[in-house]
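As structure tokens, the structure follows; a few thoughts come after it.
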Amino acid sequence: MKYFSILGIVGLLLLSSCITFKEVKFEGVDNVSFGKVKQGIIPLILDLKIDNSNSFSIKLKKGEVDVFINNQFLGKSSLSDKIIIKKEKLGVYPLVINTSFSALTKAALSSFGALLGKEVVLKVDGKIIVKALVIRKKIEVNFSEPIDPSLLLNM
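Note that my numbering has the sequence shown beginning at 33, numbered continuously upward.
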């Protein structure tokens, strides 16, 4: 029994050393929309363009991130459904942020410069659990990217 455990661990190490994991790239926001309001919670849906240049799909299992617009807290996003980032493909995947009217108002005021064509910065910060092949890992998600102000104005 002990022999099989050691053999299994060595096998996983060999398998994981053969897998080269390329960073998944955030390529921008494709669309912004609202979901149906329930009990004062307003779902804000950001369709994110994500490029997975790996030769295998990546499953986002669970996690929670904080979302900010121009450093103003907008809300939290929790993965309720598994999301599969398809291999060797640029795809669009929804990020649902549960927010409130007051948080949206603050973010809108801090983004008022968008009306004048100024830059709007989307920031996402948190942790998610990903799975690729047999490897499961908790990763830090922390990025800030400028987004097209017209996406927010068209909501």
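We treat Cβ as the ideally placed atom computed from N, Cα and C, and that holds for glycine. From a predicted model like this one, the values you see are computed outputs, not experimental measurements.
Look at the Cβ atom of residue i, then the Cβ atom of residue j, and state whether they are nearer than 8 angstroms.
| i | j | result |
| --- | --- | --- |
| Val152 | Asn103 | no |
| Asp98 | Asp157 | yes |
| Ile167 | Leu111 | no |
| Val124 | Asp62 | yes |
Going by other Cβ atoms of all chains shown within 10 Å of its Cβ, with 16 needed for buried, is residue i buried or exposed?
| i | result |
| --- | --- |
| Thr52 | exposed |
| Tyr35 | Note on Tyr35: pLDDT 47, under 50, position unreliable in the model; the coordinate value appears next. That one is exposed. |
| Val162 | buried |
| Ile129 | buried |
For residue i, collect the residues of the same chain with a Cβ closer than 6 angstroms to its Cβ; drop the 5 residues on either side in sequence, then sort them by chain order.
| i | result |
| --- | --- |
| Thr131 | Ile74, Leu76, Leu106 and Gly107 |
| Lys155 | Phe100 and Ser176 |
Tell me which same chain residues have a C-beta within less than 7 angstroms of the C-beta of residue i, skipping the five on either side of it?
| i | result |
| --- | --- |
| Ile116 | Ser89 and Lys91 |
| Glu59 | Lys81, Ile82, Asp83 and Leu122 |
| Phe133 | Ile74 |
| Lys138 | Gln104 |
| Glu172 | Lys159 |
| Gly72 | Ser132 |
Figure out for me which residue from the options has the closest Cα to the Cα of residue i.
| i | options | result |
| --- | --- | --- |
| Pro178 | Ile129, Ile167, Lys150 and Gly95 | Lys150 |
| Lys54 | Lys114, Lys94, Val69 and Ala164 | Ala164 |
| Pro126 | Asp113, Lys70 and Lys169 | Asp113 |
| message | With three or more C-beta pairs closer than 8 angstroms as the rule, is the stretch 97–111 touching the stretch 79–88? | response | no
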